[in-house]
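FYI, the UniProt record's numbering numbers position 27 of the sequence shown as 27, with every residue one higher than the one before it. Don't be surprised by glycine CBs; every beta carbon is placed ideally from N, CA and C. Just so you know, these numbers come straight off a predicted model, no measurement behind them.
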Amino acid sequence: MFGTEFFPTPKSVIHKMLKKISTDARHFLEPNAGKGDIAEAIVEKRGRYSRDKVDCIESAPELVSILIDKDFPVVGHDWLTYDGVCYYDAILMNPPFSNGDDHLLKAWDFMHNGEIVCLLNEETVKNPHTAARKRLAAIIEAHGNVEYLGACFSTAQRKTDVRVAMVYLKKVSEDDSIDLWANVTEEKSVNDNIGADANMLAIRDNLGNMQHYYDKANEHMNMAFQHIRKAGLYLNANDVYTGQGYEKILQLAFKNINDAKAEFGRKHRRDAWMHVFNQMEFHRWLDKKQREEFVRDIERNGNIPFTKENIKGTLENVFLQRGQLFEKSVANVFDELTRYYKGNTNHTEGWKTNDSYKVNRKIVFPWGCRFEKDYGRRFCTYHGSNIDIYHDLDRILCVLAGKDFKECGTIAKAMSKKFEILGRDVRQGFDNQTESEFFDIKFWMKGTVHLTFKDKDLWARFNITAAKGKQWLGHQTQKEARYA
């Protein structure tokens, strides 16, 4: 079902692998993760509520689903072509026995500073007859060791008589080495190293441009982390006390720098995806509830690599679903507008003017504005959810009417302008009427606001679209529903 080289790692072997890893490791990667047996063992050993993080890479869709169900982030699907940012302290892997050397060499090249434990066919180590195997043998000799486990999969869930070697490697970043006798004339102005990128403005090809900026930000931020680390090492080498006065400036240098890199990687990826959606201006046709759901979805899928292909696929998915998403937004606003009908179950005051099955031409908001009797006797608009419903309603009507929300005379703008005209010391008998792009508006000291649709056709289109979003129309035609 999962391929001819799918051999889940036996628990006894995983135990040996984990014993090799430093207890200081906090960020783990399992390429070719399968069902996540190694990832699960890491979590179980460290504790489910520890701050340790385990990412996975897996190509088989069935196995990816299993990993997601186990709450393991899947950050990629093809380990040999994966080009994500390395902030991992340890990589533990059980790659295919047929080309395990390629997978381990990829891990070595990918790792910046940390440990690797990898299971290989022992022939890969004992018979270095290819260029890749010869390179691997040299790396093992210089940076690690091998333990031969024999036919340790002969009694496993999926059996094989392949004799296995467990390779341990420790990579120390060259950035952490310092030259105490460097040429003292080497110091330069920071500006000398920045220079001017003449091609910066030329790289403007939309999706490729987004990925280019994202990759460059990661590249330079990782360089910055290493320079901070290096500064700390030079200070220590000169016996400079890095306590008071330095701890805030160089705090990243004296903590696990991989924590900082991991946090930056997660936040940068999230912000990059948010930039994509903001470029789409999806807020123009989604209500607050759906916008918040989009943000939550970005949080849930924040480990999806920010690549041109992924951006394009996501945009295409949103574009194909835009009609349904908009109808759902209208339905959400509809639900909010019909909360205050007479006999509602929300335990809120209701009005006969409002219905639960459609938005009437006149809408009553019980808390549409605020009259500050004890603070200048003046009107003002609410903030937060009370004003959000006004904005959501205007955004949706702009889409239905083909107008630009930025240029729209919104409810909130109309009321704020009217309240400014009324000023302070408002008394009974004041002029309580104004109008926005789509509504005639009345308001009272109690805080009640009445909105009356100006355009009967637009009012009907709103109700029809809401009915679609709530799947109420069935086989009824739009013409029959139009003025129901």
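Asked                                                                                                            : Found
Length of the line joining the Cα atoms of G144 and K16                                                          : 15 Å
Close-in-space but distant-in-sequence residues of the same chain around R204 (CB under 8 Å, 5 per side omitted) : Note that R204 scores 38 on pLDDT, short of 50, meaning its location in the model is unreliable; the coordinates nonetheless yield the value given after this. Excluding residues within five positions, none has a Cβ falling inside 8 Å.
C-beta atoms of E372 and K403 nearer than 9 Å                                                                    : no
Nearest-angstrom beta carbon gap, A466 and F334 [assumed within contact, 8 Å]                                    : 4 Å
Cβ contact (3+ pairs, closer than 8 Å) linking the segment 106 to 122 and the segment 162 to 172                 : yes
Top-ranked residue by Cα proximity to M221, from K70, A262, R135                                                 : A262
Stretch pair the segment 283 to 292 + the segment 319 to 332: three plus CB contacts closer than 8 Å             : yes
Segment limits, beta strand (DSSP E) that includes R322                                                          : It is not in any beta strand (DSSP E) - R322 instead sits in the alpha helix (DSSP H) that spans 308 to 337.
Cβ shell of D101 (< 6 Å), same chain only, five flanking positions each side left out                            : T124, A132, R133, L136
Exposed unless 16 or more other CB atoms sit within 10 angstroms - verdict on T9                                 : buried
CA-to-CA distance, T314 to S65, given in whole angstroms                                                         : 19 Å
Interface flag, T338 vs chain D, CB-CB below 9 Å                                                                 : The chain labelled as chain D is not found in the depicted structure, where only one protein chain is given.
With 16 other Cβ atoms within 10 Å as the buried cut-off, status of E336                                         : buried
Nearest to P31 (by Cα), restricted to the options I57, F6, S12, E40                                              : I57
Neighbourhood of Y87 by C-beta, 7 Å cutoff - its chain only, sequence neighbours within 5 removed                : H27, N258, K261, A262, G265
Buried versus exposed, by CB contacts within 10 Å (16 or more), K35                                              : buried
Between the CA atoms of L149 and M274 - distance to the nearest angstrom                                         : 48 Å
Whether F443 touches L397 by CB criterion (9 Å)                                                                  : no
Cβ neighbour criterion (16 or more within 10 Å) applied to E44                                                   : exposed
Option in F306, D161, L233 with minimal Cα separation from D215                                                  : F306
Proximity winner among K19, M111, D69, F439, relative to Y390 (alpha-carbon distances)                           : F439
Whole-angstrom distance between V426 and R377, CA atom to CA atom                                                : 6 Å
Short Cβ contact (9 Å threshold) for G368 with G447                                                              : yes
Whole-number beta carbon distance between W459 and R339, since they are thought to touch under 8 Å               : No, R339 and W459 are not in contact; Cβ-Cβ is about 18 Å, not under 8 Å.
Identified DSSP bridge partners for V64                                                                          : According to DSSP, which records beta bridges pairwise, V64 is partnered with nothing at all.
Residue range of the unbroken alpha helix (DSSP H) whose run includes I411                                       : 411 to 422
Proximity to L451 [Cα-Cα], best of D78, A231, A412                                                               : A412
Endpoints, alpha helix (DSSP H) assigned at I363                                                                 : Counting along the chain, I363 falls outside any alpha helix (DSSP H), though it belongs to the beta strand (DSSP E) covering 362 to 365.
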